[in-house]
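Have a look at the structure below before the remarks.
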Amino acid sequence: MWVLGIDTSCDDTGVGLVRDGRVVVNLVASQVALHEAFGGVVPELASREHLKVLRPLTERALGEAGIGPEDLGLIAATRGPGLIGALLVGYTFAKGLAWALGRPFYAIHHLEAHMAAAWPEDLAPPFLALVASGGHTHLFLVEDLGRYRLLGATRDDAAGEGFDKVARLLGLGFPGGPEIERLAQEAEEKAPFPVPLKGQEGLDFSFSGLKTQAIRLLEAGWPKAAIAKGFQEAAIAHLGEVVLKAVERTGLKTLLVAGGVAANRALQARFQEAGLRVFFPPKGLSQDNGAMVALAAWRRHQRGFPPSPLSLGATPYWPL
Ligand code: KG4
Ligand code: ZN
């Protein structure tokens with residue numbers, strides 16, 4: 001069965017096609033260049049660009065898969081959380097297509113989609129899942145598909161946001177994660193960064209203090225590469241400490257790491273060395289995309305979850 005998945009939650013237009021749980025096509029149209037001049041995502045521009053790009057991108061995806069719309073068995077889109085104007089474009093387009101074709105529609109939570117990208121089909125819960133992206137840093141105990149217990153979240157900036165802000169400070173491009181990762185590899189020394197929230201009782205995250213420290217170090221004349229390396233190591237050490245504390249408390253030694261930050265190789269190495277059974281999304285599936293939405297819908301369908309009513313609207317806030 002073919003599943004179409006669409007994500008327009010922020011500034012990427014994602015269209016993915018999954019066949020029987022396997023990703024066949026995954027197209028992402030980035031809007032980075034459009035927003036660059038403004039120093040951040042401009043919601044109104046994002047919506048307009050999704051509107052312009054979505055239909056041709058969907059037609060291209062179907063063409064690459066060698067199928068027509070009538071071959072689709074299920075249609076899915078991100079319902080939230082995200083920018084409401086941006087969400088509405090993909091969500092309404094997908095609902096319209098489902099209605100016109102008479103196919104079941106699944107409204108998908110963006111974070112469930114991120115997790116679905118890293119979740120091997122034969123991996124049974126319970127396990128831990130860290131979702132670290134530009135908008136989220138959430139640690140879940142996954143009890144089952146659709147049953148997630150939030151163990152901890154960021155108190156301020158998201159992990160990816162931290163990478164983006166420090167990159168901007170250092171005069172690097174957007175998104176900042178890959179730029180910081182590249183610059184850190186060139187570093188001969190490492191600037192000092194304290195690991196955030198050391199000794200906390202809970203399982204929270206915090207990244208804004210690292211950004212403040214980066215400003216101080218830059219003013220003190222530290223080389224940019226040393227700042228990139230120090231920041232990246234402290235951010236990863238922080239994520240590692242909180243996750244390992246959760247492992248200790250729950251006794252669960254299986255971990256999914258998802259979201260854009262999961263693409264970071266130093267972070268992957270950190271978790272692989274920790275003696276956990278750890279799963280990352282395959283290449284191209286960590287950042288926002290449509291295939292992860294299709295994967296989540298496929299799982300829901302397989303497990304007998306009912307499709308979503310077409311009367312259900314998109315929503316910018318949606319706790320998981
Ligand atoms: O999941 P995603 O595409 O979008 C959101 O839902 O936010 O995540 C994008 C975030 C950006 O903040 C980006 O800087 C970060 O993921 N990112 C990385 C890397 N690649 C992307 N952070 C660290 N290292 C990377 N290699
Ligand atoms: Zn995302």
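272 is the number that full-length UniProt numbering gives to position 272 of the sequence shown; each next residue is one higher, with no gaps. Think of the CB as a built atom: it goes at the ideal place given N, C-alpha and C, for glycine as much as any other residue.
A residue is called buried when at least 16 other Cβ atoms come within 10 angstroms of its Cβ; residue 1 does not meet this threshold and is exposed. A direct Cα-Cα distance of roughly 37 angstroms separates residue 186 from residue 249. Runs of the beta strand (DSSP E) lying entirely within the region 91 to 137 and spanning at least 3 residues, in chain order: 105 to 109 and 127 to 132.
With 5 angstroms as the limit, the residues whose C-beta approaches any heavy atom of the ligand ZN more closely are 133 and 288, in sequence along the chain. Taking a C-beta distance under 7 angstroms as the contact criterion, residue 131 and residue 258 qualify as a contact pair.
Residue 305 has its CB no nearer than 6 angstroms to any heavy atom of the ligand KG4. The shortest CA-to-CA distance from residue 209 to any of 182, 225, 254 and 163 is the one to 163.
Secondary structure at residue 217: helix, using DSSP grouped into helix, strand and coil. The beta carbons of residue 74 and residue 104 sit closer together than 7 angstroms.
Check the Cα spacing between residue 165 and each of 190, 300, 148 and 40: the tightest is with 40. Within the chosen limit of 6 angstroms, the ligand KG4 does not reach the beta carbon of residue 248 with any heavy atom. Remark: C-beta atoms of residue 232 and residue 180 approach each other more closely than 7 angstroms. Look at the beta carbons and you see the region 89 to 106 not touching the region 23 to 38: under three pairs across the two are nearer than 8 angstroms. The DSSP assignment places 22 to 30 and 72 to 80 as complete runs of the beta strand (DSSP E) inside the region 14 to 90, in order along the chain (cut-off: 3 residues). DSSP places residue 279 inside the beta strand (DSSP E), whose first and last residues are 277 to 279. Residue 294 is not a Cβ neighbour of residue 107, given a cutoff of 7 angstroms.
At a threshold of 6 angstroms, residue 264 counts as near the ligand KG4, since its beta carbon sits closer than that to one of the ligand's heavy atoms. At a cut-off of 6 angstroms, the beta-carbon of residue 71 does not count as near the ligand KG4: no heavy atom of the ligand is closer than that.
If you compare the alpha carbons of 297, 314 and 301 with that of residue 115, the shortest gap goes to 297. In this model, residue 91 and residue 282 are separated by some 25 angstroms (Cα to Cα).
Apart from the 5 residues on each side of it in sequence, residue 158 sits with its Cβ closer than 8 angstroms to the Cβ of 132, 133, 134, 135, 136, 137 and 207 in its chain, given in chain order.
Per DSSP, reduced to three states, the secondary structure at residue 303 is coil, with no helix or strand assignment. Within the same chain, and ignoring the five residues on either side of residue 302 in sequence, the residues whose Cβ sits closer than 8 angstroms to its Cβ are 21. The beta carbon of residue 204 is closer than 8 angstroms to those of 152, 153, 154, 155, 197 and 242 in its chain, skipping five residues each way along the sequence. In the three-state scheme derived from DSSP, where H, G and I count as helix and E and B as strand, residue 143 is classed as strand.
Only residues of its own chain outside the window of five on either side were considered, and among them 280 have a CB closer than 7 angstroms to the CB of residue 268, listed in chain order.
DSSP places residue 8 in the coil class of the three-state scheme, outside both helix and strand. If you draw a straight line from the Cα of residue 36 to the Cα of residue 190, it is about 29 angstroms long. Boundaries of the alpha helix (DSSP H) harbouring residue 183: 176 to 185, taken from the DSSP string.
From the listed residues 3, 42, 229 and 38, the smallest Cα separation to residue 10 is found for 42. Residue 252 and residue 169 do not touch by the CB rule: their CB atoms are close to 36 angstroms apart, not below 8 angstroms.
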